[in-house]
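Asks: For what it's worth, numbering that gives the first Met the number 0 labels the leading residue of the sequence shown as 0, then goes sequentially. The beta carbon of each residue, even a glycine, is placed where N, CA and C say it ideally should be. Quick one: the structure is below, and I'll ask about it shortly.
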Amino acid sequence: MTTGPALVSILRQGSYLIASIHTALNDSQLIRFQQDLIEQIGRYRSMGVIIDVAALDVLDSFGSRTLRNVAEMARLRGA
Numbered sequence: 000m001t002t003g004p005a006l007v008s009i010l011r012q013g014s015y016l017i018a019s020i021h022t023a024l025n026d027s028q029l030i031r032f033q034q035d036l037i038e039q040i041g042r043y044r045s046m047g048v049i050i051d052v053a054a055l056d057v058l059d060s061f062g063s064r065t066l067r068n069v070a071e072m073a074r075l076r077g078a
């Protein structure tokens, strides 16, 4: 269990999920975010996902690729 402020919050609004990334994430945190979000899409049978990256100053190539993978996996799960 980690302590400190949450780096990413995933909220459910009806049949949609809203994931807000509050600060820059390292590679392992991005992978954890991907796993958590995909797991919640399946658990709640979400119809759609919004990923808010407005708080980020820079998004590197690994982060961009990870977000693209999340979008592809979400589509395969019907979100």
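Under three-state DSSP, which class holds Gly77?
Replies: Coil at Gly77, not helix or strand.
Asks: Would you report the Cα separation of Leu36 and Arg11, rounded to the nearest angstrom?
Replies: Their backbone Cα atoms lie some 11 Å apart in a straight line.
Asks: Measuring alpha carbon to alpha carbon, tell me which of Ile20, Gly13, Ser8 and Ser14 ends up nearest Val57.
Replies: Considering only alpha carbons, the answer is Ile20.
Asks: Let me know if Val48 comes out buried or exposed under the rule of 16 or more other beta-carbons within 10 Å of its beta-carbon.
Replies: Its Cβ being crowded by 16 or more others within 10 Å, Val48 is buried.
Asks: Reducing DSSP to helix, strand and coil, say where Ala70 ends up.
Replies: In this structure, Ala70 counts as helix in the three-state DSSP scheme.
Asks: Measure the Cβ-Cβ separation of Leu55 and Ile40 and say whether it is below 8 Å.
Replies: In this structure, Ile40 does not lie closer than 8 Å to Leu55 by Cβ.
Asks: If you follow the beta strand (DSSP E) that Ser8 is part of, which residue opens it and which one closes it?
Replies: That run of the beta strand (DSSP E) goes Val7 to Gln12.
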